[in-house]
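Q:
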Amino acid sequence: MFFYYCDLAWRSIRKTPMLSMLMVLAISIGIGITITTLNVYKTMSYNPAGDRSEVINSVQLWSQGLDTWDEFSSSITYIDAMNLRNNSDLGLKAASYRTGLAMQSDDPKIEPVLNSVRVTDRDFFRIFSVPFLYGSYWDASVDLRPAYQVVISQKLNLRFFEGKNSVGKTLFLDRKPYQIVGVIEDWNPQPKYYDPLNGAFNDAEEIFIPFSLTGQEEFDVWGNTSGWKFETMLTYNDRLTSEKVWIQFWTELNTDEQKQSFLGWLTRYAEQQRTIGRFTDTAKTPAELVQISDIDKWLEDNNVVPKDNKILVGLSLLFLSVCLVNILGLLLTKFLKRAPEVGVRRAIGASRGQIFSQYMVEVGMIGFFGGVIGLLWAWGSLAALNAYFSVDQNVTGLDASMWFITPIIAISTAVLAGIYPAWVVCRTKPSVYLKAQ
Amino acid sequence: MLHIKPILSSLMRSKSAPILLLLQIILSVAIVANASFIINERLSLMQRESGYAEDQILTFNVYNFDPAIDNMKQNQVDQQILRSLPNVIDASYSNMLPLSDSGWMDRYVDSPDEDAAKSTPGFAFYLGNEHLLNVMGAKLIAGRNFTADEINTSLDDSGMLALVSQPLAKAFWGDESPLGKTVYQGEQAVTIIGVVDKLQGAWVDHENFEYSVIQNIDFGGSSSNKSYMVRALPEHISGLEEVIRKALHAENPNRVVENFQTLTSIKNLTYSNHRLMATVLSIMVVLLLLITALGLTGMVMFNIQRRTKQIGTRRALGANKRDIIQYFMVENYLICIVGGVIGGMLALVLGQQLMSLYSLPMVPVIYPIVSVIGLLVVTTLAVIVPATKAANISPAMATRSV
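Quick mapping for you: the protein sequence lines, in order, are chains G and Y.
Here UniProt numbering is used: position 174 in the first sequence is 174, and no number is missing along the way.
Here UniProt numbering is used: position 374 in the second sequence is 374, and no number is missing along the way.
1. Is any beta-carbon of chain G found at less than 9 Å from that of Val402 of chain Y?
2. Kindly list the residues whose CB is nearer than 6 Å to the CB of Gly221 of chain Y, restricted to its own chain and excluding five residues on each side of it in sequence; keep chain order.
3. With DSSP collapsed to three states, give me the class of Ala30 of chain Y.
4. Considering only their Cβ atoms, is the gap separating Leu155 of chain Y from Gln185 of chain Y smaller than 9 Å?
5. Short of 8 Å in beta carbon distance, which residues of its chain neighbour Met6 of chain G, apart from the five on each side in sequence? Order them along the chain.
6. In chain order, what are the residue ranges of uninterrupted beta strand (DSSP E) at least 3 long that sit wholly in the region 31 to 68 of chain G?
7. DSSP three-state call for Ala189 of chain Y: helix, strand or coil?
8. Which chain Y residues are close to Val322 of chain G, counting only those with a beta carbon under 8 Å from its beta carbon?
9. Could you confirm whether any beta carbon from chain Y is found closer than 9 Å to the beta carbon of Lys244 of chain G?
10. Taking all protein chains shown into account, do 16 or more other C-beta atoms lie within 10 angstroms of the C-beta of Trp298 of chain G, making it buried, or fewer, making it exposed?
11. List the residues that DSSP assigns as beta-bridge partners of Trp210 of chain G.
12. Which runs of the alpha helix (DSSP H) spanning at least 4 residues fall entirely within the region 304 to 338 of chain Y, listed in chain order?
13. So the candidates are Y:Ile325, Y:Leu8 and Y:Asn332; which of them puts its Cα closest to the Cα of Leu376 of chain Y?
14. In chain G, what lies closer than 7 Å to Ala17 of chain Y by C-beta?
15. Since Val24 of chain G meets chain Y, which of its residues come closer than 8 Å, beta carbon to beta carbon?
16. Check the C-beta distance from Asn326 of chain G over to Gly295 of chain Y and give it rounded, since I have them as a contact under 8 Å.
17. Does the distance from the CB of Pro386 of chain Y to the CB of Arg315 of chain Y come in under 9 Å?
18. Pull up the distance between the alpha-carbon of Arg306 of chain Y and that of Ile33 of chain G, whole angstroms please.
19. Starting from the C-beta of Gln60 of chain G, find all residues in its chain whose C-beta is less than 8 Å away, skip the five residues before and the five after it, and write them out in chain order.
20. So that I know if they touch, is there some Cβ in chain Y lying closer than 9 Å to that of Ser75 of chain G?
21. If we define contact as Cβ-Cβ less than 9 Å, is Gln437 of chain G a contact residue for chain Y?
22. Please work out which residues of its chain come closer than 6 Å, Cβ to Cβ, to Ser212 of chain G, disregarding the five sequence neighbours upstream and downstream, and give them in chain order.
23. Any idea what DSSP makes of Tyr4 of chain G, helix, strand or coil?
24. Measuring CA to CA, which of Y:Ile335, Y:Leu381 and Y:Leu27 is closest to Gly314 of chain G?
25. When you compare only the Cα positions, how much space is there between residue 464 of chain G and Met284 of chain Y?
26. Tell me residue 438 of chain G's beta-bridge partners as DSSP assigns them.
27. Since I believe Leu248 of chain Y is in contact with Val213 of chain Y (beta carbons under 8 Å), could you give me their beta-carbon distance rounded to a whole number of angstroms?
28. From Gly122 of chain Y to Leu199 of chain Y, what does the alpha carbon distance come to, in whole angstroms?
29. Quick one: is Pro112 of chain G near chain Y, going by C-beta distance under 9 Å?
30. DSSP beta-bridge partners for Thr182 of chain Y?
31. Using a C-beta cutoff of 9 Å, does Ala422 of chain G count as contacting chain Y?
32. Pick helix, strand or coil for Glu241 of chain Y, following the three-state DSSP scheme.
33. Consult DSSP for Ile292 of chain G and reduce its assignment to one of helix, strand or coil.
34. Between Lys5 of chain Y and Gly312 of chain Y, what straight-line distance do the alpha-carbon atoms span, to the nearest angstrom?
35. When you compare only the Cα positions, how much space is there between Val109 of chain Y and Glu288 of chain G?
36. Interface residues of chain Y around Asp296 of chain G at Cβ under 9 Å?
If you want it as structure tokens, here you go:
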């Protein structure tokens, strides 16, 4: 019966090509716009942490003074980072920030390139489940006693070592020799959830070096540094001892007890810092001076999805509803025009249910065509976003889920629009039209 | 005269089509009003004067990675080299790039006594030498620029001078001239010696975007990674990249010279989200009007077909073509106006939602009004074609089957 209805529907669509095309066009445009905005929204609001979202926590401290900032900063000071690193209570913990260093090969003809570099602790790789191809992260002792060791990406390994196992080999960063201890597989989480502060859709760094080198190597900070009071910063040491915030701190907390006990420790830490003259915002209790955020909260707090995007999704859904109303009108038009035909069919025995389902099949078919064309629109507009606007390439790929979502939205939109017209037409009284024949 | 009463009663008899039309108009007005408001907002943001000679400024980064390099000296040498290149009008170090979405922000206080001090609004904090103003192409409207012997190299030096942008001066000193005033950064005293007409900061969406300061510090010696701005005529800009790279590498090869960008391209990049939003919304508005017009034409056509007999009868009874067309137009306008009023209210409600959810400014009432007018025009066009067709139905044809 279904295929017979499909056949009937196809014939009916072909009988009124203009009207049908109008409907398909209307649905496809609505779908195209909705899927485009939804796709961008979906990729941006993706949480790459998955199951580990609640386990991975960032540490935030209210180290600012009275009447300064309104919100917790996403970064902390070097002093706090060092104190947290030295807290033996914590399981996995890693301080982290971004810098840049010039990388050189032995070939003098190749101009040196400036690479962005992540300065962090060894636990970073375990907290964020970074996959290794060769070797591993550096030894625990390196986090305490600095050593020139480095973890590089598969891509760099390919460029400089022809993809062979380069563990133990040397790489020059700012003319200093670093010993390679590990090569990671391609790893580029989007959004860049371990550091969304400076471009959430930037590519991940491909060079990782120990945080413990910070003091002696005085790396530039390629990221936001914020201060709430005037501090002269003449030397690098001024930066390290200042109240400026510029370091992200990550820790793994597996259970609620661990979270509570860590929060307790943090609160005591804040109290203790207050007694030595830091954390001077007296309007807050020590417990209010500390906060941990899991990845969900972290992405939300860092506004990874811009508000523009949410507005666009909302408006495009409204747009889709206009299309729906439009199609409803057109369907009503079309079906009522065919009322005489329905009258005849009813008279020779078709039940209301049969008429209704036949029309719903037709509507579904229109929706399906609209969806297919809409998907093409979306695909084209995403490509256009990529080509004509500097929208990060990472958010303009068509998400795999859209292959399911699009037909579902398209067909259900059409069916929603079709229910009323189909209901009206199946209630047609046969007698009225038979008389007129 | 306009036969509103019979039109109304005929509308009430077959409600579904007019209701759908009404619904569509309500939604369209709500969307078009809000979208065009956002579009207009974004466009006016983009059209603000920046105060810079945008198409004449080329920026780039130099990273000296050899630990043996004396950054302080290298910075001076590099600027000399840049200024002596052919076609270069002027060149300068800058601690931050205008309109680039990243940079320094600071504030002054008006007294060294921390408790009594009043703070200026936050401003974009440019550090540069006597060349910077010329490189930017900014216009000094009061006071003077720094001289070469006044340039400091560290934030800790004495003899700090500053140029402030006029909007900042207005915001803090009102109509009083800021020239000669002393402000403080911690204990450091800074004397204001000049006012610049316009000097935008780095963050295009920041409320303090027009507040800027240039202080007399050439900070280029403080770090191994620094950015420079070079000014040249637009026709010379594209050739400069190669020349600069060569000249700097010839002087000292142990560095990376990269990230060449014109200020125009930086600006475009920073505003790209706004441009994107304006474009997407414009496309949405156009498509919406198109779909509405097409849907309307389709429905009116059907209505006319259904009412062929009625039209024929009216024609036979003496109505002329104008009356028929007028009938459909009035019917359309009735629906449009009712829909427009409800849609306008919905638009304001929607605007209110957007305002509270995303802290957007409130939609002014003019937007729904203009949207309704625009929709009236579109629907007129959409109705007039089928209505004219209807008017051409001959009475005989229409009444034949009665």
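Ideal placement from N, C-alpha and C gives every residue a C-beta, glycine not left out.
Keep in mind the model is a prediction, meaning the values are calculated, not measured.
A: From the atom records:
1. As a first step, residue 402 of chain Y must be located in the second sequence, where it is residue number 402. Low local confidence applies: a pLDDT of 44 at Val402 of chain Y is under 50, so the model's placement there is unreliable, with the coordinate-based value given in what follows. It does not; no Cβ of chain G falls within 9 Å.
2. Position 221 of the second sequence holds residue 221 of chain Y. Excluding sequence neighbours, Gly221 of chain Y sits near Asn71, Met72, Asn75 and Thr153.
3. What you label residue 30 of chain Y is simply residue 30 of the second sequence in a count that begins at 1. Three-state result, Ala30 of chain Y: helix.
4. Residue numbering aside, residue 185 of chain Y sits at position 185 when the second sequence is read from its first letter. Residue numbering aside, residue 155 of chain Y sits at position 155 when the second sequence is read from its first letter. It is a contact, given that the beta carbons lie within the stated cut-off.
5. To locate residue 6 of chain G, count along the first sequence from 1; it is residue 6. Here the sequence assigns Cys to residue 6 of chain G, which means Met is not the residue at that position. Answer for Cys6 of chain G: Val361 and Met365, listed in chain order.
6. 56 to 61
7. In the second sequence, residue 189 of chain Y corresponds to position 189, counting from 1. Strand.
8. Here residue 322 of chain G refers to the residue found at position 322 of the first sequence. Result: Gln24, Leu27, Ser28, Ile31, Leu288, Ile291 and Thr292.
9. As a first step, residue 244 of chain G must be located in the first sequence, where it is residue number 244. It does not: the Cβ of Lys244 of chain G has no partner Cβ on chain Y nearer than 9 Å.
10. Your numbering for residue 298 of chain G matches position 298 in the first sequence. Classification for Trp298 of chain G: buried.
11. Numbered from 1 along the first sequence, position 210 holds the residue referred to as residue 210 of chain G. Before going further, note that residue 210 of chain G is Pro rather than Trp in the sequence given. Answer is G:Thr120, bridged to Pro210 of chain G.
12. 308 to 316
13. Taking the first residue of the second sequence as position 1, residue 376 of chain Y is located at position 376. For the residues Y:Ile325, Y:Leu8 and Y:Asn332, the minimum Cα distance to Leu376 of chain Y belongs to Y:Asn332.
14. Along the second sequence, one-based indexing puts residue 17 of chain Y at 17. In chain order: Gly329 and Leu332.
15. Residue mapping note: residue 24 of chain G aligns to position 24 of the first sequence, counting from 1. Here the premise fails: no neighbours, minimum Cβ distance about 12 Å.
16. Looking up residue 326 of chain G in the first sequence gives position 326. Looking up residue 295 of chain Y in the second sequence gives position 295. Going by Cβ atoms, the distance from Asn326 of chain G to Gly295 of chain Y rounds to 4 Å, so yes, they are a contact pair.
17. Here residue 386 of chain Y is taken as the residue at index 386 of the second sequence, counted from 1. Here residue 315 of chain Y is taken as the residue at index 315 of the second sequence, counted from 1. No; because the gap between Cβ atoms is not below 9 Å, this pair is not in contact.
18. Within the second sequence, residue 306 of chain Y is the residue found at index 306, counting from 1. Within the first sequence, residue 33 of chain G is the residue found at index 33, counting from 1. Distance between the alpha carbons of Arg306 of chain Y and Ile33 of chain G: 34 Å.
19. Here residue 60 of chain G refers to the residue found at position 60 of the first sequence. Counting only Cβ-Cβ distances below 8 Å, and skipping sequence neighbours, we find Phe72, Ser73, Ser74, Ile76, Val290, Gln291, Ile292 and Ser293.
20. As a first step, residue 75 of chain G is located in the first sequence; it is residue number 75 there, counting from the start. Cβ-Cβ to chain Y under 9 Å: no for Ser75 of chain G.
21. In the first sequence, counting from the first residue as 1, residue 437 of chain G sits at position 437. Only weak support is given to the placement of Gln437 of chain G: the predicted model assigns it a pLDDT of 47, under 50, and the value that follows is read from those uncertain coordinates. It does not: the Cβ of Gln437 of chain G has no partner Cβ on chain Y nearer than 9 Å.
22. Counting from 1 along the first sequence, the entry for residue 212 of chain G is found at position 212. These residues qualify, in order along the chain: Asp143 and Pro146.
23. Counted from its first residue, the first sequence places residue 4 of chain G at position 4. Tyr4 of chain G: helix per DSSP, three-state reduction.
24. In the first sequence, the residue the question calls residue 314 of chain G occupies position 314. The shortest C-alpha separation from Gly314 of chain G is found at Y:Leu27.
25. Any answer about residue 464 of chain G is impossible in this case: the structure gives chain G only from 1 up to 437.
26. In the structure as shown, chain G begins at 1 and stops at 437. Residue 438 of chain G is therefore absent and cannot be evaluated.
27. For this step, residue 213 of chain Y is matched to residue 213 along the second sequence. For this step, residue 248 of chain Y is matched to residue 248 along the second sequence. Between Leu248 of chain Y and Val213 of chain Y the Cβ distance is about 29 Å, and since that is not below 8 Å, they are no contact.
28. Taking the first residue of the second sequence as position 1, residue 122 of chain Y is located at position 122. Taking the first residue of the second sequence as position 1, residue 199 of chain Y is located at position 199. In a straight line, the C-alpha of Gly122 of chain Y is about 14 Å away from that of Leu199 of chain Y.
29. Here the question's residue 112 of chain G lines up with position 112 in the first sequence. So yes, Pro112 of chain G belongs to the interface.
30. Reading the second sequence from its first residue, position 182 is the one you call residue 182 of chain Y. Beta-bridge pairing links Thr182 of chain Y to Y:Thr191.
31. The residue you call residue 422 of chain G lines up with position 422 of the first sequence. No, its Cβ sits nowhere closer than 9 Å to a Cβ of chain Y.
32. As a position in the second sequence, residue 241 of chain Y is number 241, starting the count at 1. Three-state DSSP puts Glu241 of chain Y in a helix.
33. Here residue 292 of chain G refers to the residue found at position 292 of the first sequence. DSSP places Ile292 of chain G in strand when its eight states are reduced to three.
34. In the second sequence, counting from the first residue as 1, residue 5 of chain Y sits at position 5. In the second sequence, counting from the first residue as 1, residue 312 of chain Y sits at position 312. Roughly 20 Å between the two C-alpha positions.
35. Indexing the second sequence from 1 puts residue 109 of chain Y at position 109. Indexing the first sequence from 1 puts residue 288 of chain G at position 288. Taking the straight line joining both Cα atoms gives about 30 Å.
36. Against the first sequence, residue 296 of chain G aligns to sequence position 296. Result: empty, since nearest Cβ-Cβ is about 19 Å, beyond 9 Å.
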